[in-house]
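Chains as they are written, first to last, in my numbering: chain A, 54 to 305; chain B, 54 to 305; chain C, 54 to 305. Using N, Cα and C, we set each Cβ at its ideal position, and we do this for glycine too. A short worksheet on the structure shown next.
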Amino acid sequence: MITSLIHDSAIISPLAIIENNVEIGPYTIVHDNVYLSSGCSVGAYCELGLPSTLAEKKELRFGKNCTIRSHNVFYAGSQIGDSLNTGHYVCVRENSIVGNGCQFGNRSDIQGDCVIGNFTKCHADVHIGKMSKVGNYVWLFPEVLLTNDPIPPSTNLIGVTINDFAVLAAKVLVLPGVVIGKDSVVGAGSVVKENIPEGKLANGNPSKIICDANILRMHNNPKLKGYPWRYRFHRGYPADVVSAWLNEFHEK
Amino acid sequence: MITSLIHDSAIISPLAIIENNVEIGPYTIVHDNVYLSSGCSVGAYCELGLPSTLAEKKELRFGKNCTIRSHNVFYAGSQIGDSLNTGHYVCVRENSIVGNGCQFGNRSDIQGDCVIGNFTKCHADVHIGKMSKVGNYVWLFPEVLLTNDPIPPSTNLIGVTINDFAVLAAKVLVLPGVVIGKDSVVGAGSVVKENIPEGKLANGNPSKIICDANILRMHNNPKLKGYPWRYRFHRGYPADVVSAWLNEFHEK
Amino acid sequence: MITSLIHDSAIISPLAIIENNVEIGPYTIVHDNVYLSSGCSVGAYCELGLPSTLAEKKELRFGKNCTIRSHNVFYAGSQIGDSLNTGHYVCVRENSIVGNGCQFGNRSDIQGDCVIGNFTKCHADVHIGKMSKVGNYVWLFPEVLLTNDPIPPSTNLIGVTINDFAVLAAKVLVLPGVVIGKDSVVGAGSVVKENIPEGKLANGNPSKIICDANILRMHNNPKLKGYPWRYRFHRGYPADVVSAWLNEFHEK
């Protein structure tokens with residue numbers, strides 16, 4: 054059953070499946086083979102399930118309670134978890150897998166064939182190149198760019214890997230095939246050409262390992278360690294996850 | 054009275070206030086509590102006054118003669134002066150205060166809780182982080198990014214301050230809390246980690262003070278000093294402002 | 054004759070000329086003096102031929118078989134060759150000349166008064182400043198920015214020149230007036246302040262000439278030279294062009 058919250062001007066394919074309690078804004082287009090789970094809200098001027106020869110007749114599926122803001126474009130063929138929260142002008146290409154609780158800021162560009170874990174947050178203008186692998190609870194700040202072609206142009210793409218809890222600050226550029234370790238932090242404006250081990254702070258162009266990330270202190274409270282950030286920053290994460298983080302902290 | 058220049062396909066809340074002599078383009082949405090002063094022109098596919106829990110029922114007010122181009126998104130709760138001129142795909146979040154005569158280029162992103170003075174011009178892809186304070190007659194060139202979180206992620210944001218007449222060239226990245234002095238100039242591609250005093254030229258990653266900005270000469274006329282730019286560049290500024298600049302110049 | 058593939062919700066000026074076999078998507082606006090040749094396909098929410106005082110009543114012309122994806126904005130006054138292929142949210146300003154077979158990725162911004170050759174490909178977020186001259190078979194990767202104002206703000210713009218077959222990797226910034234030679238390659242994240250001769254690899258901020266580009270080998274096949282790339286990469290180019298490239302290669 055199609056609920057009553059679909060705006061009259063929205064164009065909905067009869068081959069799209071829309072659960073109850075879904076809102077769709079004005080002028081939005083939903084193509085064939087789109088599945089919108091209950092609780093999803095889609096803003097105006099979005100195009101969902103754009104057909105592509107790279108994902109012929111493949112489903113674009115949104116889990117429960119996703120919030121897709123205006124002017125987004127999602128191609129056919131991706132699987133999106135629950136509670137994705139997008140800004141405006143976001144584009145997600147074909148055949149990506151996105152976990153639960155993720156956030157894609159304004160103009161984020163997920164270029165396709167990517168795997169993104171749970172609760173990973175991309176700020177504005179984050180560009181995730183094809184074949185990137187981004188873990189859980191990762192933070193990608195504005196204008197972070199993950200590349201994939203070592204000798205461009207070519208068809209030999211090697212995606213970047215970003216492990217859990219890593220933080221890439223604004224304008225960080227990561228070269229193809231680089232692996233960024235769990236709990237590591239990359240300073241703003243860095244160009245990362247070599248792998249970064251777990252728990253390190255890297256900075257510069259080209260980036261160098263500076264120190265263990267857990268040496269950094271909060272600027273407004275020098276008694277409080279900045280990293281791993283999950284011991285001190287909990288806004289927007291589920292209670293059971295936060296509880297596990299606090300247990301881990303107290304056991305250390 | 055609603056003028057006749059509102060396109061039939063525009064969706065206008067009865068709780069929006071639209072003065073005379075306003076144009077609104079096709080498919081644009083104007084929500085509750087938006088105030089459009091006379092002489093404003095809004096392009097197609099814009100969404101003005103997007104509701105937000107961060108600005109519950111707060112007015113989004115545009116002064117006279119603003120030109121809002123297509124595909125813009127303005128949230129509720131900001132106060133915009135007269136004659137704002139935007140490019141396309143611009144997004145302005147909640148609770149910002151913008152002066153008169155400003156310009157926001159294509160895809161500018163004003164992230165909210167910002168204060169921007171008069172006649173400040175942002176080129177394309179300028180990203181102004183939450184809590185930034187940008188003065189009057191400032192120039193932010195393409196892909197300038199003002200950040201706000203010293204130890205991300207956190208809730209202890211410290212905005213950047215850009216003083217009057219400062220010029221930040223293309224792709225400049227400014228770290229949280231940095232203060233950029235009046236009449237200073239930052240070279241393209243710089244990463245600014247420390248304050249820049251008044252009237253200096255800074256450059257590099259990390260940026261260093263190179264010299265007084267007024268040493269720079271015009272490339273096509275070495276007799277003419279490049280800075281302060283207000284002594285030589287006047288296009289688009291009001292006659293009384295230009296006249297005051299010229300008086301200041303002749304008194305020096 | 055207007056074909057039947059124009060969506061009912063599209064707004065088409067009677068002064069636009071639309072050849073047979075053209076598709077126009079929902080909610081798109083086509084203004085006066087737009088010429089769409091046969092085989093063109095235009096997505097949703099596009100605005101083509103936006104009027105401007107910089108191109109009064111000038112034609113915006115698209116050659117055959119162009120694919121213009123959703124949310125694009127093209128101003129009046131540009132001449133576009135055959136088979137342009139755009140991503141989403143692309144903006145092309147007034148009075149540019151674009152050859153055949155070009156590609157403009159998501160959010161590409163062609164700022165006007167540019168000349169772009171044939172088969173030049175811009176990835177996402179490429180920003181081509183006013184008065185740039187970009188040759189044939191050039192590759193501009195994500196977030197490449199071509200500037201034009203040596204002492205900003207000014208009206209003495211000097212465009213960048215990029216010669217045939219050059220490759221600028223991700224986030225490369227090119228300063229005003231710089232000339233980048235044929236077959237040259239610029240490494241990711243570089244800031245190019247000086248001219249680069251033909252066939253060189255340059256890298257860094259500021260960029261320096263590192264070596265001849267043809268020293269680079271494919272990462273997955275060290276026997277294969279990476280550059281000139283036209284000897285090894287042919288996807289998407291016409292058969293006669295590829296054949297000429299292979300002849301050139303075998304004659305060397």
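Query raised in the report: Does any residue of chain B bring its CB to less than 8 Å from the CB of S185/C?
Result: no
Query raised in the report: In its own chain, which residues sit with a C-beta less than 7 Å from the C-beta of S243/A, not counting the 5 before and 5 after it?
Result: V225, A255, N256, G257, N258, S260
**Report entry** Residue(s) in a DSSP beta bridge with S90/C
**Finding:** According to DSSP, which records beta bridges pairwise, S90/C is partnered with nothing at all.
Requested in this report: Would you mind reading off the limits of the alpha helix (DSSP H) that contains F302/B?
Outcome: 292–304
Requested in this report: For W282/C, verify whether its CB is less than 7 Å away from any heavy atom of the ligand NAP.
Outcome: This structure lacks the ligand NAP; in fact it carries no ligand of any kind.
Query raised in the report: Mind checking A297/B: buried by the 16 CB within 10 Å criterion, or exposed?
Result: Exposed is the call here.
**Report entry** Neighbour-count burial assignment, A177/A, 16 or more Cβ in a 10 Å radius
**Finding:** buried
Query raised in the report: Does A177/C get closer than 8 Å to chain A when you measure Cβ to Cβ?
Result: Interface criterion met: the Cβ of A177/C is under 8 Å from a Cβ in chain A.
Query - Separation of I121/C from T139/C, as counted between CA atoms - result: 5 Å
**Report entry** Beta-carbon gap between D236/B and E247/B smaller than 8 Å
**Finding:** no
Query raised in the report: Which chain B residues sit within Cβ distance under 7 Å of E100/C?
Result: A97, S123
**Report entry** Secondary structure of I55/A, DSSP reduced to three states
**Finding:** Its pLDDT being 49, under 50, I55/A is placed unreliably by the model, and nothing is read from it.
Report task. Put Y128/A into one of helix, strand or coil per three-state DSSP. Result -> strand
Query raised in the report: Within the 8 Å Cβ cut-off, does N273/B reach chain C?
Result: yes
Query raised in the report: Do the stretch 282–302 of chain A and the stretch 268–275 of chain C make contact, defined as three or more Cβ pairs closer than 8 Å?
Result: no
Report task. Report the residues of the stretch 250–264 of chain A with a CB closer than 9 Å to any CB of chain C, ordered along the chain. Result -> N258, P259
Query raised in the report: If you draw a straight line from the C-alpha of I204/A to the C-alpha of L269/C, how long is it?
Result: Each residue's Cα considered, the two are about 8 Å apart.
Report task. Anything in the stretch 187–198 of chain B with a Cβ closer than 8 Å to a Cβ of chain C? List those residues in chain order, please. Result -> W192, F194, P195, E196
Query - Contact list for P79/C against chain A, beta-carbon separation under 7 Å - result: Within 7 Å Cβ-Cβ: I64, I82.
Query raised in the report: Below 8 Å between beta carbons: does that hold for V191/A and D166/A?
Result: no
Requested in this report: Tell me A255/A's beta-bridge partners as DSSP assigns them.
Outcome: V239/A, I262/A
Query raised in the report: How is T208/A classed by DSSP in three states: helix, strand or coil?
Result: coil
Report task. Less than 8 Å between the CB atoms is what I'm expecting for D202/C and I181/C, so what's the real figure, rounded? Result -> Actually they do not touch by this definition, with Cβ atoms about 14 Å apart.
**Report entry** Local Cβ density within 10 Å of F302/B, reported as buried at 16 or more and exposed below that
**Finding:** F302/B is exposed by the Cβ-count criterion.
Query - Top-ranked residue by Cα proximity to L68/B, from I77/B, L89/B, I249/B, D61/B - result: L89/B
Requested in this report: Might you give, ordered along the chain, the residues of its own chain that have their beta carbon closer than 8 Å to the beta carbon of I150/C, omitting 5 neighbours on each side?
Outcome: Hits under 8 Å: S131, Q132, C167, V168, I169.
Query raised in the report: With a cut-off of 8 Å, does the C-beta of L226/C fall near any C-beta of chain B?
Result: Chain B places a beta carbon closer than 8 Å to that of L226/C, counting this residue as a contact.
Query - Segment contact, 8 Å Cβ cut-off, at least three pairs: the stretch 108–115 of chain C with the stretch 89–100 of chain B - result: no
Requested in this report: Please state if the CB of C99/B and the CB of N125/B are separated by a distance shorter than 8 Å.
Outcome: yes
Query raised in the report: Quick one: what does DSSP say A221/A is sitting in, helix, strand or coil?
Result: As written in the sequence, residue 221/A is Leu, which differs from the Ala given in the question. Reduced to three states, the DSSP call for L221/A is strand.
**Report entry** Closest residue to V245/A among E76/C, G240/C, V245/C (Cα-Cα distance)
**Finding:** G240/C
Query raised in the report: What does L113/C pair with, by DSSP beta-bridge criteria?
Result: V87/C
Report task. Using a cut-off of 9 Å between C-beta atoms, extract the partners of Y142/B located in chain C. Result -> H124, V126, Y142, C144, R160
**Report entry** Where N13/A falls: helix, strand or coil (DSSP)
**Finding:** The question about residue 13/A has no answer here: the residues shown for chain A are numbered 54 through 305.
Query raised in the report: Which residues in the same chain as V220/B place their Cβ atom closer than 6 Å to its Cβ, once the five residues preceding and following it in sequence are excluded?
Result: W192, V238
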